[in-house]
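Working notes, beginning with the structure itself.
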Amino acid sequence: MPKITLLGHSAVLLEGEKTKCIIDPFITGNPDITYGLKASDIKVDYVIVTHGHGDHIGDAIDIAKNNDATLIAPFELAMFCQSKGVQKLNPMHIGGSKRFSDDFWVKLTIAHHGSAYIDDNGNITYTGNPCGVVVELDGKKIYHSGDTGLFMDMQLIGELGLDVAMLPIGDNFTMGPQDAARAVEFLKPKMVIPMHYSAWDIIKQDPNEFAKLVGDKAEVKILKPGESVEI
Ligand code: NI
Ligand code: MN
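Sequence positions in the sequence shown follow the numbering used here and run 3 to 233.
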């Protein structure tokens with residue numbers, strides 16, 4: 003029974019019987035994280051980063067180093083993290099999958115978005131294509147779309163047989179509630195968890211409106227930052 007915790011925004015902790023993994027670990031400065039969580043509290047075996055934007059790469063480099071965890075990212079972004087001192091890496095790319103252990107499998111999927119890393123001085127480093135990710139943990143398949151617009155090929159991702167889809171609903175930078183509800187039709191997950199909304203005013207959304215749009219097409223689980231669900 004893996005446990006999914008929405009730490010806040012798109013930062014997600016997946017905890018299986020043996021394996022722990024964090025996706026898009028934006029902890030420091032995350033406006034959603036008002037419950038005292040610090041990057042140094044995170045204990046994981048794997049760190050997955052979907053793209054180089056600050057609200058996704060976040061604390062990934064420090065968390066990977068501090069845990070001696072394996073950082074998984076699209077090749078260019080993985081190399082960028084290596085250049086910042088991350089030593090345990092598994093670069094992947096879109097369409098590629100890998101079984102890391104009996105209980106943990108990862109596949110990278112397309113995402114229509116950008117992937118520039120912008121440092122504190124405003125210097126821009128492009129880190130290749132962004133991605134989404136399907137993780138199989140303890141036999142359950144969890145799709146975290148990263149930041150993306152709606153795309154028809156979500157039907158192909160749905161053919162993997164998803165237990166959970168985690169989708170952005172914030173609009174402006176990603177799908178909004180209506181496109182995300184359409185994504186649920188393509189992905190056919192048993193459960194959908196909205197993310198990437200209301201951390202800032204520009205992506206303010208009411209997740210209950212999203213739930214209405216999804217209707218009975220999937221169970222909509224609205225998690226407040228820090229809340230978990232076991233699947
Ligand atoms: Ni982004
Ligand atoms: Mn984002």
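All C-beta atoms in this analysis are idealised placements derived from N, C-alpha and C, irrespective of residue type, glycine included.
**Prompt:** With contact counted as at least three CB pairs below 8 Å, one residue from each stretch, are the segment 112-121 and the segment 12-26 in contact?
**Reply:** no
**Prompt:** What does a CB cutoff of less than 6 Å around Asn92 pick up in its chain, not counting 5 residues either side in sequence?
**Reply:** Thr72 and Ile74
**Request:** Specify, as a first and last residue, the run of the alpha helix (DSSP H) that His58 falls within.
**Result:** Gly56 to Ile59
**Item:** Short Cβ contact (7 Å threshold) for Ala220 with Val186
**Value:** yes
**Item:** 6 Å CB neighbourhood of Thr7 in its chain, flanking five on each side removed
**Value:** Leu15 and Ser230
**Request:** Go through the residues and name those whose CB comes closer than 7 Å to any heavy atom of ligand 2, in chain order.
**Result:** Ser12, His55, Asp57, His58, Asp149, Phe175, Thr176 and His198
**Prompt:** Roughly how far, in whole angstroms, is the beta-carbon of Ser99 from the beta-carbon of Lys109, given that I think they are within contact range, below 8 Å?
**Reply:** 4 Å
**Asked** How long is the line joining the alpha carbons of Thr168 and Asn125, rounded to whole angstroms?
**Response** One detail in the question is off: residue 168 reads as Met in this sequence, not Thr. The straight-line gap from Cα to Cα measures roughly 31 Å.
**Prompt:** Hey, how far is the Cα of Asn210 from the Cα of Gly217?
**Reply:** 10 Å
**Prompt:** Taking the Cβ atom as the reference point for each residue, do His11 and Asp34 lie within a distance shorter than 7 Å?
**Reply:** yes
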